[in-house]
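Quick note on numbering: the UniProt record's numbering labels position 100 of the sequence shown as 100, and the sequence is numbered without any gaps. Beta carbons: idealized from backbone N, C-alpha and C, even for Gly.
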Amino acid sequence: MIIVTTNDVPGARIEQTFGEVFGLTVRSRNIGSNIGAGFKSLAGGELKGITSLLHDCRKEALARLAAEAEAIGANAVVAFRFETTEYAGSGVEVCAYGTAVRIGGPA
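Here is the structure:
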């Protein structure tokens, strides 16, 4: 699965457009992460637990996006983006989205 942020895939021709596809995940932070983040925010510095949470969320959302695109017959996703939102004060929602397409030979 080719996933790009551009509106086309360099060197390839878009043969068919399937439409929007999404990959979504919502995860809560554990109590230790919340407490650690609170202390760290007082002292400054990277919130490593939250960074790790966001990294894992993005990987999961991207995998779900690719699976949804593949399930409808696409072999690429163009105009790919992430959107991240804090959820209920103790979690995070990550949405990966783009346009599923089938690409072929040279453009």
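Rounded distance between the beta-carbons of residue j and residue i, thought under 8 angstroms
| i | j | result |
| --- | --- | --- |
| R104 | R13 | Note that residue 104 is Gly in the sequence shown here, rather than Arg. With a Cβ gap of about 5 angstroms, G104 and R13 count as contacting. |
| C57 | R81 | That belief does not hold up - the Cβ atoms of C57 and R81 are roughly 15 angstroms apart, past 8 angstroms. |
| T84 | L65 | Not really, about 14 angstroms apart at Cβ, beyond 8 angstroms. |
| M1 | V77 | 7 angstroms |
| G11 | P106 | 6 angstroms |
Residue burial classification, residue i (beta-carbon count within 10 angstroms, cutoff 16)
| i | result |
| --- | --- |
| A88 | exposed |
| G98 | buried |
| G73 | exposed |
| G23 | buried |
| A71 | exposed |
Residue j beta carbon less than 7 angstroms from that of residue i
| i | j | result |
| --- | --- | --- |
| V21 | A61 | no |
| N69 | A96 | Note that residue 69 is Ala in the sequence shown here, rather than Asn. No, these two residues do not count as a Cβ contact at 7 angstroms. |
| E15 | R102 | yes |
> Which runs of the beta strand (DSSP E) fall wholly inside the stretch 63-89 and span at least 3 residues, in chain order?
Replying inline: As far as the stretch 63-89 is concerned, its whole beta strand (DSSP E) runs of at least 3 residues are 76-87.
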